[in-house]
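Let me begin by presenting the structure, written as structure tokens, before commenting on it.
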Amino acid sequence: MLPLKRVAALHDISGFGKCSLTVALPVLSAAGIETCPVPTAVLSTHTGEFTGFTYRDLTTDLPAYIHHWQTLGLHFDAIYSGFLGSKQQIAILKDFCKKFREENTLVFVDPVMGDNGKLYSVYTPEICAEMKQLAAEADILVPNMTEAAFLLDIPYQPGPYSKDYIQYILTRLLDLGAKTAVLTGVWLEEKHLGAAAMSREEDKTSYAFSPKVSGMFHGTGDVFSSLLLAAILNDCTLEESIHIAVDLTYDAIVITKEIGTAPREGVAFERILPCLINRLHLK
Ligand code: PXL
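Taking numbering that gives the first Met the number 0 as reference, the numbering of the sequence shown is continuous, increasing by one, and the terminal residue is 282.
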């Protein structure tokens, strides 16, 4: 029997609204991957479309937490980062990579900062600057179009995009230092939305699209990234992985619309976990 692959997931945990760790843990576990959380903050809900949420920053707990893991000599196949609420937390993640990155450890960075051309309320230009440095160290960097604009210091374009523009953004993300860039929120025409990927190893751009569903659904970025990492760690190619992540994120959104829950409550990714297992041939 092959041993389980193991991921260290550095994200917040938001009690309600399905994002970050409440998505990463079940998605990666369903994909047969051992997932070890490093909770960066505990919130009662995520910060989008909710007010009055509680926010317990765990920054000061992290050095001892991480030191304990070092004493255990843990090995990770991937280090997965998402929402990081402060400059110090990004610095801690960089230090985590220094301590735990081995030759084959995949550093997967979802530079969660904003959406629809705007930064999330807790993000400052200072945090963005730190995020840029983290992006440079990523093996796989997964920004949406807003995050790419902030990382590259260019104005946000709402779309539709030309293939030339998408290739330009992807090339600039690789120039930042990332080895592979996967861009989400890509649309070339009104009816389809998806992702595009470019890697230093291959001289091509891959695209994956699904029908566009109207409305803004919270946490879809986290669902997409967790599915993408799940596929990559199950040895799918980059192109197969973006197709799996786009298709299943779309399915989760369609199911959520059918159920009729409020968009801020997150998407019903729970219903697509059996499909993920099928697509990864894990049965
Ligand atoms: O979905 C990204 C995310 C993660 N964690 C927290 C958030 C958000 C986006 O708003 O607020 C706490």
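For every residue, glycine included, the Cβ atom is placed at its ideal position computed from N, Cα and C.
Tell me the DSSP bridge mates of residue i?
i	result
S205	A196
N143	T183
F268	In the DSSP output, where bridge partners are listed per residue, F268 has none listed.
P210	H191
K4	I32
V37	L9
V108	S80 and L140
D114	K117
For residue i and residue j, which I take to be in contact (beta-carbon distance under 8 Å), what is that distance rounded to the nearest angstrom?
i	j	result
K86	E125	6 Å
E257	G16	Not a contact, Cβ separation roughly 19 Å.
T248	V222	5 Å
F75	M112	Rounded, the Cβ-Cβ distance is 24 Å, inconsistent with contact.
H10	S120	Their Cβ separation, rounded to whole angstroms, is 17 Å, which puts H10 and S120 out of contact at 8 Å.
L227	A177	So it is not a contact: roughly 14 Å between Cβ atoms.
A291	V6	One cannot answer for residue 291 here, as it falls past the ends of the chain, which runs 0 to 282.
A230	I243	5 Å
D138	T179	6 Å
Give the secondary structure of residue i by DSSP, where H, G and I count as helix, E and B as strand, and everything else as coil.
i	result
S18	According to the sequence provided, residue 18 is Cys. The question's Ser does not apply to it. In this structure, C18 counts as coil in the three-state DSSP scheme.
E102	coil
K178	coil
H10	strand
D56	strand
H225	Here residue 225 turns out to be Ser, not His, going by the sequence shown. S225 falls in the helix class under three-state DSSP.
T344	The chain is shown from 0 up to 282; residue 344 falls before or after that span and cannot be answered.
D234	coil
Y122	coil
Y167	helix
L279	coil
P157	coil
S85	coil
T294	Because the chain in this structure spans residues 0 to 282, residue 294 falls outside the shown range and cannot be described.
G220	helix
A63	helix
A261	coil
T70	helix
M130	helix
D94	helix
Take the Cβ of residue i as the centre, count every other Cβ of all protein chains shown within 10 Å, and call the residue buried at 16 or more, exposed below.
i	result
T219	buried
L279	buried
Q132	exposed
Q88	buried
K4	buried
A63	exposed
Look at the Cβ atom of residue i, then the Cβ atom of residue j, and state whether they are nearer than 8 Å.
i	j	result
I153	A195	no
L272	A8	no
V245	G184	no
L187	K162	yes
L61	V37	yes
E136	V106	yes
E238	S205	yes
S13	T59	no
Is there at least one Cβ from chain D nearer than 8 Å to residue i's Cβ?
i	result
L228	No chain D appears in this structure, which consists of one protein chain only.
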